[in-house]
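A.B. asks: Those protein sequences? They're chains A and B, same order as listed. Oh and the first sequence: position 79 is 78 in numbering that gives the first Met the number 0, straight run, nothing missing. Oh and the second sequence: position 215 is 214 in numbering that gives the first Met the number 0, straight run, nothing missing. Where a beta carbon is used, it is the ideal one built from N, C-alpha and C, also for glycine. Because the structure is a prediction, the values reported are computed rather than measured.
There are 2 protein chains.
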Amino acid sequence: MRSDEVILMKIVILGFGAVGQGVARVISLKREHLLDKYGLQLDIVAVADRSGGAVFDQGLDPELLLKTKNETGKLSQYPDFGVEGFSGLEILDKVEYDCLVEVTPTNIEDGEPALSHMLKALKDGKDVVTSNKGPLALSFTQLSEAAQETGANFKYEASVGGAMPIINLAHDTLAGSDIESVYGILNGTTNYILSRMAKEGSSYEQTLNEARELGIAETDPTQDVDGWDAACKIVILANSVLNLERTLKDVKVEGISQITPEAMALAKKEGYLIKLIGEASQDVLEVSPRLVKEGSPFAVEGTLNVATLKTDLAEDVTVVGKGAGSIETASAILSDLLNIWKAS
Amino acid sequence: MRSDEVILMKIVILGFGAVGQGVARVISLKREHLLDKYGLQLDIVAVADRSGGAVFDQGLDPELLLKTKNETGKLSQYPDFGVEGFSGLEILDKVEYDCLVEVTPTNIEDGEPALSHMLKALKDGKDVVTSNKGPLALSFTQLSEAAQETGANFKYEASVGGAMPIINLAHDTLAGSDIESVYGILNGTTNYILSRMAKEGSSYEQTLNEARELGIAETDPTQDVDGWDAACKIVILANSVLNLERTLKDVKVEGISQITPEAMALAKKEGYLIKLIGEASQDVLEVSPRLVKEGSPFAVEGTLNVATLKTDLAEDVTVVGKGAGSIETASAILSDLLNIWKAS
């Protein structure tokens, strides 16, 4: 932690939706702080999404990137340094950089284009930081091996639970314990719906509509309510925290659409709540509605995420945090970037 | 993480009560694992408590240390290598070692003998890992400065919340966010008493007696129920997580003995629970009974500890874990030892 010399980290951001824009904003917000505290300068040397891109080896202005995207919808309109017609792979080929921040939209069919982006970067020996669940849930082993072969850093704290720290917690903070299983509420939308149903006695359909109106559920909420978003996350935890080689097709998945107000009321009478729980251990890989005790850390309401690591020595360690949000998720990406810098 | 070469870390343990014995047990349990996974060998080269000590530069047998202490009450009875009449300071002077594990009994009057032990080790450039609240709550700045001067590592995750990871979580896992305040249930005994009072409607005195009978409260529970244990922990968090220079005398402390069943019932009617909360921020340093919402992460029951870090970017991040226990606390000490090794 010396601030007498400045280390420059050149970053390429692929994907410029909520998370990518959050990363630009966070880098802008923290610029002075990172320089003062760590002597670290994060330069965004290229950004691209489906609308085009911007490339400048001396560093793009994060605020101007945000302004350009928000006002014109097109990164290629960035003054002087806008580019069009380049794919993400071409940018990774042509630009000199240290770390890829991969935040393109999640695709749980084949993980693309993120999977190819990450594999190219890792094979070229570049560090990768991502919040992208798709490629990790489908091809974790392939990505880890690519990183190991070149010694590149591969970090993905933001892929599970946004700002809820769990992966680095297991790897670093709890290094002295072995993790035996992970158990968690990994999807904020379903937690919101189930919390409301428990509180109001309302039906699933009615509560889902309410969540849609509030913008908490998406117009097509399938990935959330059918359990696939949580399934991606539990696979990532199974691989990264438990060292199990699993993919999305190994998960037994059941969503929340069959839960009735009557079931809720019955559970409540006995001091329980119904939550959508993901569980991973040597023998179990499952997302399904389960009973949790009132007064336990799992009784949290709203869109919060919770996860418990069952350890051999420290017993249960639970973390609770915001599972989503542009800035929150970007903060986890920034933590990963900083930890790469610290370890270098 | 190369396992082709073995790194040896020589450890001195001062104090051999519940935590010290836990450390010996954990080192014994994890010996093979640490060698296989990290190529790290932890050798206990000296142990001492008020009963005497044992010193052997080739490494003492942790199981034999535990057996000797439990069967004879005296470490000096350790076969061949028992010693008598040496103070902790003399051992630190005479023995060649890398890291001091300081786990003598907590003293919140003057922090001794732990404070002198730690200062000597740090000034000699030796790493220090501790669970000892007293010296940290009284002399945090002095200890940190001593570590900075020689570049020694000074780690104390176990001093707050046993196996609940919070300090390293703030420093490492959440490196990308600034922490603005800490808020937590930092004492398991009082959380047990207050949870029972809320559930049973019983009086403070009656519940305290019940906790004493179960061994959850000590015969003299003053430090717990009057809030001093929590006060030590909130001071340590104020210093380590918020970079505020505070000591125990800066904390406004109120215990739980004045809480009545009537107050509990009133809170409950409105959807609240009463908990003993420690809070630290730029302007506040306090331990006192407060209302927390049912359904919030702070509504946990039993002897659990909970703490929330309010951050600038990741919003609230909360951790829940076992606040005490010999093996649990020792696991946090082992994590610190491993993180020293990883950073070396």
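For the alpha helix (DSSP H) containing residue 284 of chain B, list its first residue and its last residue.
C.D. replies: Taken as a continuous stretch (DSSP letters only), residue 284 of chain B belongs to no alpha helix (DSSP H), being part of the beta strand (DSSP E) at 284-292.
A.B. asks: Between the stretch 313-329 of chain B and the stretch 18-30 of chain B, are three or more C-beta pairs nearer than 8 angstroms?
C.D. replies: The stretch 313-329 of chain B, when compared against the stretch 18-30 of chain B, does touch it at the 8 angstroms Cβ threshold.
A.B. asks: Let me know if residue 292 of chain B comes out buried or exposed under the rule of 16 or more other beta-carbons within 10 Å of its beta-carbon.
C.D. replies: Exposed, by the Cβ-count rule.
A.B. asks: Closest to residue 295 of chain B by CA distance: which of A:284, A:319 and A:287 is it?
C.D. replies: For residue 295 of chain B, the nearest C-alpha among the options comes from A:319.
A.B. asks: Quick one: which residues of the stretch 307-327 of chain A get their C-beta closer than 9 angstroms to a C-beta of chain B? List them in chain order.
C.D. replies: Residues 307, 310, 311, 312, 313, 314, 315, 316, 317, 318, 319, 320, 321, 324, 326 and 327.
A.B. asks: Under 7 angstroms Cβ-Cβ, which residues of chain B neighbour residue 300 of chain A?
C.D. replies: Within 7 angstroms Cβ-Cβ: 294.
A.B. asks: What residues from chain A crowd round residue 187 of chain B, counting only those whose CB sits closer than 9 angstroms?
C.D. replies: Result: empty, since nearest Cβ-Cβ is about 12 angstroms, beyond 9 angstroms.
A.B. asks: Which stretch, first to last residue, makes up the alpha helix (DSSP H) that contains residue 210 of chain B?
C.D. replies: Looking at the DSSP string, the run of the alpha helix (DSSP H) that includes residue 210 of chain B is 203-212.
A.B. asks: Just curious, the alpha helix (DSSP H) that residue 113 of chain A is in, first and last residue?
C.D. replies: 113-122 is the span of the alpha helix (DSSP H), which, as asked, contains residue 113 of chain A.
A.B. asks: Is there a Cβ from chain A that is less than 8 angstroms from the Cβ of residue 0 of chain B?
C.D. replies: Note that residue 0 of chain B scores a pLDDT of 44, beneath 50, so its modelled location is shaky and nothing firm can be said.
A.B. asks: State the Cα-Cα distance for the pair residue 260 of chain B and residue 278 of chain A, rounded to the nearest angstrom.
C.D. replies: Near 39 angstroms, if we compare the C-alpha coordinates of residue 278 of chain A and residue 260 of chain B.
A.B. asks: Between the C-alpha atoms of residue 83 of chain B and residue 142 of chain B, what's the straight-line distance to the nearest angstrom?
C.D. replies: Distance between the alpha carbons of residue 83 of chain B and residue 142 of chain B is about 29 angstroms.
A.B. asks: Do residue 191 of chain B and residue 309 of chain B have their CB atoms nearer than 8 angstroms?
C.D. replies: It is not a contact, given that the beta carbons lie outside the stated cut-off.
A.B. asks: If contact means a Cβ-Cβ distance below 9 angstroms, which residues of the stretch 125-142 of chain A contact chain B?
C.D. replies: Those would be none; no residue qualifies.
A.B. asks: Checking 8 angstroms against the spacing of the C-beta atoms, do residue 117 of chain A and residue 95 of chain A come in under that value?
C.D. replies: No. Outside cutoff.
A.B. asks: Please determine, among A:230, A:174, A:160 and A:131, the residue with the shortest C-alpha to C-alpha distance to residue 32 of chain B.
C.D. replies: That would be A:174, whose Cα lies nearest to the Cα of residue 32 of chain B.
A.B. asks: By a C-beta neighbour count over all protein chains shown, 10 Å radius and 16 as the cutoff for buried, is residue 276 of chain B buried or exposed?
C.D. replies: Burial call: buried.
A.B. asks: Just list the residues that DSSP pairs residue 280 of chain B with in beta bridges.
C.D. replies: According to DSSP, which records beta bridges pairwise, residue 280 of chain B is partnered with B:180.
A.B. asks: Let me see if you follow: with CB-CB separation under 8 angstroms, is residue 39 of chain B close to chain A or not?
C.D. replies: Judged by the 8 angstroms Cβ criterion, residue 39 of chain B is not in contact with chain A.
A.B. asks: Tell me which residue opens and which closes the alpha helix (DSSP H) that residue 190 of chain B is part of.
C.D. replies: Element bounds for residue 190 of chain B: 187-199.
A.B. asks: Run through chain A and tell me which residues come within less than 8 angstroms of residue 25 of chain B, C-beta to C-beta.
C.D. replies: Going along chain A in sequence order, the residues near residue 25 of chain B (Cβ under 8 angstroms) are 175 and 312.
A.B. asks: What residues are listed by DSSP as bridge partners for residue 52 of chain B?
C.D. replies: Per DSSP, B:47 and B:82.
A.B. asks: Helix or strand or just coil, what does DSSP make of residue 12 of chain A?
C.D. replies: In the structure shown, residue 12 of chain A sits in a strand (DSSP, three-state: E or B).
A.B. asks: Which partner residues does residue 271 of chain A have in the DSSP bridge list?
C.D. replies: According to DSSP, residue 271 of chain A bridges with A:292.
A.B. asks: In its own chain, which residues sit with a C-beta less than 6 angstroms from the C-beta of residue 239 of chain B, not counting the 5 before and 5 after it?
C.D. replies: 166, listed in sequence order.
A.B. asks: What three-state label does DSSP hand residue 69 of chain A in the structure shown?
C.D. replies: The answer is helix: DSSP assigns residue 69 of chain A an H, G or I state.
A.B. asks: What three-state label does DSSP hand residue 101 of chain B in the structure shown?
C.D. replies: Correct three-state label for residue 101 of chain B: strand.
A.B. asks: Could you tell me the alpha carbon to alpha carbon distance between residue 164 of chain A and residue 76 of chain B, rounded to whole angstroms?
C.D. replies: Going from the Cα of residue 164 of chain A to the Cα of residue 76 of chain B covers about 46 angstroms.
A.B. asks: Residue 34 of chain B lies in the beta strand (DSSP E); which residues open and close that run?
C.D. replies: Element bounds for residue 34 of chain B: not the beta strand (DSSP E) but the alpha helix (DSSP H), 17-37.
A.B. asks: First and last residue of the alpha helix (DSSP H) that includes residue 234 of chain A?
C.D. replies: Looking at the DSSP string, the run of the alpha helix (DSSP H) that includes residue 234 of chain A is 227-239.
A.B. asks: Distance, Cα to Cα, residue 237 of chain B vs residue 108 of chain B?
C.D. replies: For residue 237 of chain B and residue 108 of chain B, the distance between alpha carbons rounds to 19 angstroms.
A.B. asks: Can you tell which of A:322, A:243, A:17 and A:342 has the C-alpha that lies nearest to the C-alpha of residue 135 of chain A?
C.D. replies: Residue A:243 is the option with its Cα nearest to residue 135 of chain A.
A.B. asks: Using C-beta distances below 6 angstroms, list every residue in its chain close to residue 289 of chain B, excluding the 5 sequence neighbours before and after it, in chain order.
C.D. replies: Here the set comprises 276.
A.B. asks: Within 10 angstroms of its Cβ, does residue 338 of chain A collect 16 or more other Cβ (buried), or is it exposed?
C.D. replies: Per the 10 Å Cβ criterion, buried.
A.B. asks: So with Cβ pairs under 8 angstroms, would you call residue 61 of chain B a contact of chain A?
C.D. replies: It does not: the Cβ of residue 61 of chain B has no partner Cβ on chain A nearer than 8 angstroms.
A.B. asks: Alpha carbon to alpha carbon, what distance is there between residue 331 of chain A and residue 159 of chain A?
C.D. replies: Between residue 159 of chain A and residue 331 of chain A, the C-alpha separation is close to 10 angstroms.
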